[in-house]
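Trainee: Under the working numbering, the residues of the sequence shown are numbered 6 to 149, in order.
We put the beta carbon where it would ideally sit given N, CA and C, even for glycine.
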Amino acid sequence: MANDLNKVLMIGRLTRDPDFKTINNTSVANFSLANNRTYVANNEKKEETHFFDCEVWGKLAEILRDYGKKGKQIAIEGRLSQSTWDAPDGKKNSRIRIRVDSFQLLGSSGPAPSNQGSGSYNQVKNEPVYEETQDYNYSDDDIF
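Below, the structure is given as C-alpha cells:
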C-alpha cells in the first residue's frame with residue numbers, strides 16, 4: 006500500500022508559552038500557533054488569522070520549553086495527527102493537531118533575553134520515533 010502525503014510547513018507566532026509535561030518518561034510540549042494571511046477582496050486588503058494546535062516530542066520539546074516564548078515567530082515542519090477518545094458521557098471526541106518534526110525559531114518578539122536567539126532544531130536520528138498509534142488515554146483535562 007502506497008503512503009499518502011501528510012506534510013505541514015508553516016510560519017507563525019506562539020500564542021502562549023508552550024505547555025510542557027512528561028508522558029511515560031518522554032517530554033512533550035503543546036503550543037498554539039497563530040498564522041496570518043493577507044488577501045485582497047473587492048479591491049480591499051483583508052487579513053485573517055488562523056490558530057493551530059501543535060505538539061512536539063522528545064528533546065525538541067525541551068528546547069521549545071527553554072526558548073519558545075509567547076509572541077516568538079517560529080517555522081515548523083510536521084504532519085497532521087488525529088487523536089480520538091471517549092468522553093465520560095460516552096461521546097466520541099477527536100482533535101486534529103500538527104505533530105512537529107522540526108522547527109526554527111525566527112526573528113524576535115520584542116526585547117528578548119540574551120540567551121534567546123534563532124536556531125533550527127530537528128529530531129535527532131537516534132531518538133525514538135513516536136507514532137500516533139501509541140495509546141495515551143487522554144482525558145478531557147489533558148486536551149487544550
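#1: Please state if the CB of Ala-34 and the CB of Phe-25 are separated by a distance shorter than 9 Å.
#2: Which of helix, strand or coil does DSSP assign to Ala-80?
#3: If contacts are defined as beta-carbon pairs under 8 Å, then Leu-19 and Ile-79 qualify, I think. What distance do you get, rounded to the angstrom?
#4: For the alpha helix (DSSP H) holding Leu-65, just list the boundary residues, first then last.
#5: Could you tell me the distance, in whole angstroms, from the CA atom of His-55 to the CA atom of Gly-63?
#6: Could you check where the beta strand (DSSP E) with Ala-46 kicks off and where it finishes?
#7: Go ahead and pull the three-state DSSP assignment for Asn-11.
#8: Roughly how far, in whole angstroms, is the beta-carbon of Ile-68 from the beta-carbon of Gly-83, given that I think they are within contact range, below 8 Å?
Mentor: Per the coordinate set shown:
#1: yes
#2: strand
#3: 6 Å
#4: 64 to 72
#5: 26 Å
#6: 31 to 46
#7: coil
#8: Ile-68 to Gly-83, Cβ: 15 Å. No contact.
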